[in-house]
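Protein chains in written order, with the numbering used here: chain Z, 1 to 591; chain C, 592 to 898. Written out below as structure tokens is the structure these notes cover.
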Amino acid sequence: MADPRQDLRTPYGSMSRNLSRRTFLGLAAGAVTSALLAACRREAEQAGPPAPGQTPGPSPTPAAAQTAGPSPAPAEPTPRQEAVRGVEIPKFDNPPPGRPSGSKPEELVIAWGVNQLTTYGIDPQRHVGTVAESQLRHMYEPLVAFDRDLQTIVPALATSWERIDDLTIQFKLRQGVKFHNGEPFNAEAVRYSILRPLSDETPGASRSTYAVIEDVEIIDDYTVNIKTSRPDPALLARLTGFHMTIVAPKWASQGPEVVSREANGTGPYRLVSWSPNEDLVLEANEEYWGDPPEIKRVRLVTITEQATRVSALRAGDVHVATAMPPEEIASINASGRARALRVVGNRVPFYFITIEVPPYNDKRVRQAINYAANVQGVIDAILLGNGYRIATVLPIWAFGYDPTLEPYPHDPEKAKQLLAEAGYPNGIDIKIWYIQGRYPKDKEVAEAMAQEMAKANIRCTPELREAATLTDMQKNKETPGLVFASWGNWFFDADNTFFPLFSCAQAKDYNFDWRRPYCNEEFDKIIQAARVEMDVEKRRQLYAEAQRFFYDDAGALFMYQLVDIYGVNNWVLWEPRNDEMIWAHEMKWNE
Amino acid sequence: MGQYILRRVVHAFFVVLGVVTAVFVITNLTGDPVQLMLGEAATAQDIERVRRELGLDRPLYVQYLNFLSSVARGDFPESLRYRGYSALEIVLARYPRTIVLALAALLVSVVLAVVFGTISAVKRYSVIDNVVMLLALFGQSIPNFWLGIMLILIFAVNLGWLPSQGYKLSPAYLILPTITLASPGLARLTRLTRSGMLEVLNSDYIRTARAKGLRERVVIFRHAFKNAAIPLVTVIGLDFGVLLGGAIITEQIFQWDGVGQLLVNAIYSRDFPVIQTSVLIIAVSFVLINLIVDIMYTWLDPRVRLT
């Protein structure tokens with residue numbers, strides 16, 4: 001069988017998609033058989049993960065055992081991502097690091113395009129931004145974390161865990177760990193930190209995602225029981241997410257003003273300086289419980305202008321730069337100073353469809369839109385192949401992802417036929433509402449899809465709006481048609497996509513306005529059942545069913561996962577992750 | 592003079608109040624900051640809670656009066672984007688950078704414009720004049736962002752002489768943004784100096800001065816230039832006012848975190864207190880500079896009386 005990675009090895013990675021999708025699915029179908037094995041493995045994780053060094057359950061491959069090692073194994077990417085959930089992560093054929101030029105940098109500079117350390121400063125427990133999370137996780141750690149495959153949960157501040165009953169997981173904590181200010185890490189710190197973003201005094205921006213956590217019981221100094229109010233099969237994954245990092249309790253109880261301006265975690269780096277809108281400067285924590293990071297001084301900066309970010313990388317002023325434009329890949333690789341590295345990313349852009357108004361209330365119309373939009377063509381032409389087509393809105397590594405579901409093909413004839421069946425033989429006039437500048441070529445993608453749809457008699461008027469204005473219009477139900485949205489499922493579980501975006505409970509929370517226009521009771525029954533299903537295989541089947549339903553109901557315009565493009569200086573050795581986390585402690589100098 | 596200034600201050604008060612009111616109404620009409628603040632993962636409940644926390648659920652006129660009364664007490668409201676910091680603190684942290692860049696650009700453009708404009712006028716239709724005018728034409732027609740990016744590519748990426756971006760109080764970091772920011776103003780001022788000088792050089796009193804046998808240098812600098820400078824001062828005053836409002840594009844390209852960038856980001860994120868405070872500070876600066884320009888007229892042209 002052809003290696004699916006082959007397809008990505010074209011100059012701009014414009015993957016010959018028809019082929020790749022087929023080979024990929026071929027592989028995936030093969031993997032269905034191994035899904036049972038994988039399920040057992042997942043069960044092992046859920047029900048009682050390995051003590052350090054101990055191999056979990058019936059492990060499908062030797063390499064999988066390796067991923068469940070005692071520590072998160074910094075900077076050692078697994079050579080081949082194992083199909084833990086029956087899905088292999090496609091890889092790009094990225095260039096190797098070239099010869100570093102000039103003298104070795106004194107500090108590592110990482111540049112993002114946006115600054116998210118705003119509303120809550122550098123408080124690690126209240127924001128919901130991936131950039132903020134990536135930056136603050138240098139200083140703070142959670143109990144458990146996802147390995148690079150985004151499918152295996154590995155120990156961080158907890159060394160092992162065990163599900164005691166449907167409502168409780170017991171965690172054994174790492175001993176001898178100290179916060180940066182010298183406070184000891186113990187059960188008290190865990191209890192304080194987990195409950196802190198759930199409190200009324202210091203609520204996290206996504207508190208309701210974690211509201212299921214009812215209490216943290218201290219069993220002894222290094223043992224806690226985390227209890228939920230209902231059975232939560234995703235609890236362990238949830239604990240890897242936003243808000244769930246551990247802060248020094250005595251220090252943090254001085255109040256949110258202190259936590260938003262200073263930092264005291266257990267992480268591999270400690271804070272040197274930060275103030276609003278200024279660089280975040282870090283130094284290695286030499287007392288780190290794991291291996292202290294090799295790069296000693298790090299500066300995290302924001303360069304909003306894309307062209308400037310590219311120039312700064314090419315000039316050697318920054319060493320790792322995010323969101324490089326696809327058309328600059330060649331010039332970066334030719335610069336002799338840096339290289340462009342690509343990975344399939346976790347962020348999924350898609351379009352909500354306002355299903356309550358005609359003609360969108362007819363599922364055949366919504367299907368027609370999905371057949372007509374030619375998403376793959378748009379990925380190839382506009383993004384130069386830098387998008388990974390998916391069947392619905394779940395990233396391929398999410399628990400519950402169904403690899404056997406094939407994306408809507410581009411089929412304008414079928415679209416016309418569906419429209420005719422729905423009573424629109426002359427086609428329809430629709431609107432597409434979108435924004436500019438948040439994701440690579442978002443505007444161009446929207447406009448190209450609008451043009452493509454016209455070929456199937458879906459006459460689509462592009463309506464570009466500024467982000468805040470669009471949100472307000474959605475709130476006032478002024479955006480009939482397709483409305484841009486995107487989601488980064490941050491603990492890689494189907495629940496964290498379907499529930500917050502497409503459940504009736506959320507639609508109700510949003511007063512049934514068009515910020516969450518999808519509510520379907522039949523679909524809701526499935527995802528609500530999956531939310532509390534403790535049997536891993538049954539839960540997986542429920543989500544497979546949910547995806548099929550949602551796909552058939554064409555609950556949204558389904559698109560792709562972003563491909564993240566990083567510019568990396570030749571002085572830096574680093575394998576980018578798929579989850580948008582950029583961590584200096586996973587990097588090394590190229591000496 | 593004292594009375595004049597007092598009257599101008601009263602004037603200024605109403606101008607600033609008018610600007611702040613207009614900005615308050617317009618920004619509040621355009622959208623809700625909370626969803627943006629909290630990010631896409633925030634749920635409806637979380638959004639409602641924060642909206643209440645920030646007092647955004649109160650009627651608009653109550654918010655407006657609250658803002659005015661807190662400003663009057665000198666106790667500026669908290670930024671929505673940078674919680675825990677007063678809007679004034681946020682704005683004042685960035686204002687010096689804008690002032691430094693604006694002053695540098697102003698200095699460069701005024702000095703060069705006066706020198707080249709005067710030479711051009713005195714040596715009309717010479718090679719120098721033609722070259723200067725051609726450059727001025729380029730300076731005025733080249734878009735700022737393009738010039739900035741080109742300068743970065745040449746001097747930072749290819750030659751490696753200067754840093755590509757960033758803010759530090761050192762000449763190296765200041766050079767490229769200053770050139771970028773100064774170029775359109777420089778071009779305009781050069782042309783203005785030239786035409787002003789030409790007009791004056793052709794006037795009767797210059798002929799008289801020359802006829803008296805005054806040295807050319809004295810004729811040009813003491814007699815001609817001082818008179819040609821009046822329209823120049825007006826334009827410089829206006830230009831400087833605009834520069835203090837933040838050179839948005841230049842600041843963006845060079846990641847020079849001044850008021851311009853702050854204001855743009857504040858608008859995108861609907862950080863009302865910061866928008867209003869920035870506008871307040873900028874309006875006050877603008878009014879102040881106008882006042883200074885008016886006072887300078889009396890020195891340049893004794894016929895002007897401020898009454």
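Cβ atoms here follow ideal geometry from the backbone N, Cα and C, with glycine treated the same way.
Using a Cβ-Cβ cut-off of 8 Å, state whether residue i counts as contacting chain C.
i, result
"Z/Pro517", "no"
"Z/Arg22", "With a pLDDT of only 38 at Z/Arg22, under 50, the local geometry of the prediction cannot be trusted, and no value is derived from it."
"Z/Gln592", "Outside the displayed range of chain Z (1 to 591) lies residue 592 of chain Z, so it cannot be described from this structure."
"Z/Gln254", "no"
"Z/Pro79", "Legend: pLDDT at Z/Pro79 = 31, less than 50; position of this residue unreliable, value from coordinates given subsequently. Answer no: the Cβ-Cβ gap between Z/Pro79 and chain C never drops below 8 Å."
"Z/Gly567", "no"
"Z/Asp579", "no"
"Z/Ser134", "no"
"Z/Asn333", "no"
"Z/Pro121", "Here residue 121 of chain Z turns out to be Gly, not Pro, going by the sequence shown. It does; some Cβ of chain C falls within 8 Å."
Going by other Cβ atoms of all chains shown within 10 Å of its Cβ, with 16 needed for buried, is residue i buried or exposed?
i, result
"Z/Pro349", "buried"
"C/His602", "exposed"
"C/Gly646", "exposed"
"C/Phe604", "exposed"
"Z/Ala35", "Unreliable positioning characterises Z/Ala35 in this predicted model, as indicated by a pLDDT of 40, which lies under 50. A coordinate reading is not provided."
"C/Arg672", "buried"
"C/Thr799", "exposed"
"C/Val611", "buried"
"C/Gly609", "exposed"
"Z/Lys416", "buried"
"Z/Pro72", "Caution applies to Z/Pro72, whose pLDDT of 37 falls short of 50 and renders its modelled position unreliable; the value that the coordinates give is listed next. The residue is buried, with at least 16 neighbouring Cβ atoms inside 10 Å."
For the beta strand (DSSP E) holding residue i, just list the boundary residues, first then last.
i, result
"Z/Ile353", "Arg347 to Ile353"
"Z/Asp220", "Ile213 to Asp220"
"Z/Val343", "Ala338 to Val344"
"Z/Pro403", "Per DSSP, Z/Pro403 belongs to no beta strand (DSSP E) and is neither H nor E."
"Z/Val144", "Val144 to Phe146"
"Z/Ala284", "Leu280 to Ala284"
"Z/Lys461", "In the sequence as presented, Lys is not what sits at residue 461 of chain Z; that position holds Thr. Note, Z/Thr461: beta strand (DSSP E), Ile458 to Leu464."
"Z/Pro155", "Ile153 to Pro155"
"Z/Ala158", "Ala158 to Asp165"
"Z/Leu271", "Tyr269 to Ser273"
Since residue i is in the alpha helix (DSSP H), which residue starts that stretch and which ends it?
i, result
"Z/Trp251", "Pro249 to Ala252"
"Z/Ile369", "Lys363 to Ala372"
"C/Leu726", "Val718 to Ser732"
"C/Trp890", "Phe863 to Leu891"
Are the C-beta atoms of residue i and some chain Z residue less than 8 Å apart?
i, result
"C/Asp637", "yes"
"C/Tyr796", "no"
"C/Gly787", "no"
"C/Pro822", "no"
"C/Ala633", "yes"
"C/Ile743", "yes"
"C/Gln654", "no"
"C/Gln756", "yes"
"C/Val748", "yes"
"C/Leu597", "no"
"C/Gln843", "yes"
"C/Asp848", "yes"
"C/Gln867", "no"
Using DSSP bridges, identify the partner residues of residue i.
i, result
"Z/Val483", "Z/Phe352 and Z/Trp433"
"Z/Thr302", "Z/Trp112"
"Z/Tyr388", "Z/Gln561"
"Z/Lys91", "Z/Val343"
"Z/Gly567", "Z/Ala321 and Z/Ala340"
"Z/Asn225", "Z/Gln170 and Z/Glu217"
Please find out if some non-hydrogen atom of the ligand SAH comes closer than 7 Å to the beta-carbon of residue i.
i, result
"Z/Asn346", "With respect to small molecules bound, the structure shown includes none, and the ligand SAH cannot be examined in it."
Can you confirm whether the region 333–341 of chain Z touches the region 552–561 of chain Z when touching is taken to mean that 3 or more C-beta pairs between the two stretches lie within less than 8 Å? By the criterion of at least three beta-carbon pairs nearer than 8 Å, the region 552–561 of chain Z is not in contact with the region 333–341 of chain Z.
Report yes or no: do the region 690–705 of chain C and the region 649–668 of chain C share at least 3 C-beta pairs separated by less than 8 Å? Under the Cβ criterion (8 Å, minimum of three pairs), the region 690–705 of chain C does not count as touching the region 649–668 of chain C.
Would you check if there are 3 or more beta carbon pairs closer than 8 Å linking the region 826–836 of chain C to the region 679–696 of chain C? The region 826–836 of chain C is in contact with the region 679–696 of chain C.
When you compare the region 168–183 of chain Z with the region 294–311 of chain Z, are there three or more beta-carbon pairs, one atom per stretch, that lie closer than 8 Å? The answer is no - the region 294–311 of chain Z does not touch the region 168–183 of chain Z, with fewer than three Cβ pairs under 8 Å.
May I ask you to verify whether the region 143–154 of chain Z touches the region 271–288 of chain Z, counting CB pairs closer than 8 Å and requiring at least 3? Judged by Cβ distances under 8 Å, the region 143–154 of chain Z makes no contact with the region 271–288 of chain Z, as fewer than three pairs qualify.
Per the contact definition of three or more C-beta pairs closer than 8 Å, is the region 704–717 of chain C in contact with the region 753–771 of chain C? Contact between the region 753–771 of chain C and the region 704–717 of chain C is not established, with fewer than three Cβ pairs separated by less than 8 Å.
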